[in-house]
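Trainee:
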Amino acid sequence: HMTSISCCRARATRALYHTEAQIIEKIPHMIRARSLSSLQKRLDLIWHDWVTQRGSQRPKPLLRFGPGVRHGRYRLSYTQDTDPGQVIELAPGGRNWYVLAHELAHALGPSEHGIGFARVYHDLLNHDTFKTIMSTPRGQEFLEYLRVEHPRQVRRIYRNR
123 HMTSISCCRA RATRALYHTE AQIIEKIPHM IRARSLSSLQ KRLDLIWHDW
173 VTQRGSQRPK PLLRFGPGVR HGRYRLSYTQ DTDPGQVIEL APGGRNWYVL
223 AHELAHALGP SEHGIGFARV YHDLLNHDTF KTIMSTPRGQ EFLEYLRVEH
273 PRQVRRIYRN R
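Position one of the sequence shown corresponds to residue 123 (the working numbering), numbered consecutively onward.
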């Protein structure tokens, strides 16, 4: 039934966004605004390592600053499939390592915020470029959420639809 699946996806997304707001958005190094060139360097390094280690055949996404998409009174960053590849557009207020990692998880994995997305996101945040930041208590709390609690919530959401 399409409506209940859409509802489940929305609930999984809200659960993830809520936890990001509670934990990740309180890690200063992850939310500090960065320049496009510094974010591009991080994307290049992560993408190279990911492709080398996991053999991804996807082309590296184009990273750009833009207005994002309107969601209520907010502007949100997004990842979009295009021809020939993908675009990651970082909206004002989302030009930081945290949003880059979240959007990269979409570029490398599923578009929905389910269990597969949580695995990719977890692995990206364990990349050497984030290791020090994510070794903090808040970082470890979020990694544990992605590894254990988010999959548990997603399973419960879909089981109870």
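We put the beta carbon where it would ideally sit given N, CA and C, even for glycine.
(1) For residue 186, count the other beta carbons within 10 Å of its own beta carbon; 16 or more makes it buried, fewer makes it exposed. Which is it?
(2) Can you give me the start and stop residues for the alpha helix (DSSP H) that residue 262 sits inside?
(3) Going along the chain, which residues of its own chain have a beta-carbon closer than 6 Å to the beta-carbon of residue 162, five neighbours each way excluded?
(4) Consult DSSP for residue 173 and reduce its assignment to one of helix, strand or coil.
(5) Taking 7 Å as the limit between beta carbons, can you name the residues of its chain near residue 246, skipping five residues before and five after?
(6) Rounded to a whole number of angstroms, what is the C-alpha to C-alpha distance between residue 153 and residue 256?
(7) Express the C-alpha separation of residue 280 and residue 124 in angstroms, rounding to a whole number.
(8) For the region 171–186 and the region 207–223, state whether three or more C-beta atom pairs, one from each stretch, are separated by less than 8 Å.
(9) Roughly how many angstroms lie between the CA atoms of residue 277 and residue 178, to the nearest whole one?
Mentor: Reading from the atomic positions:
(1) exposed
(2) 259–266
(3) 185
(4) helix
(5) 168, 223, 226, 227
(6) 13 Å
(7) Below a pLDDT of 50, predicted positions are generally treated as unreliable, and residue 124, at 47, falls in that range; no measurement from the model is reported.
(8) yes
(9) 27 Å
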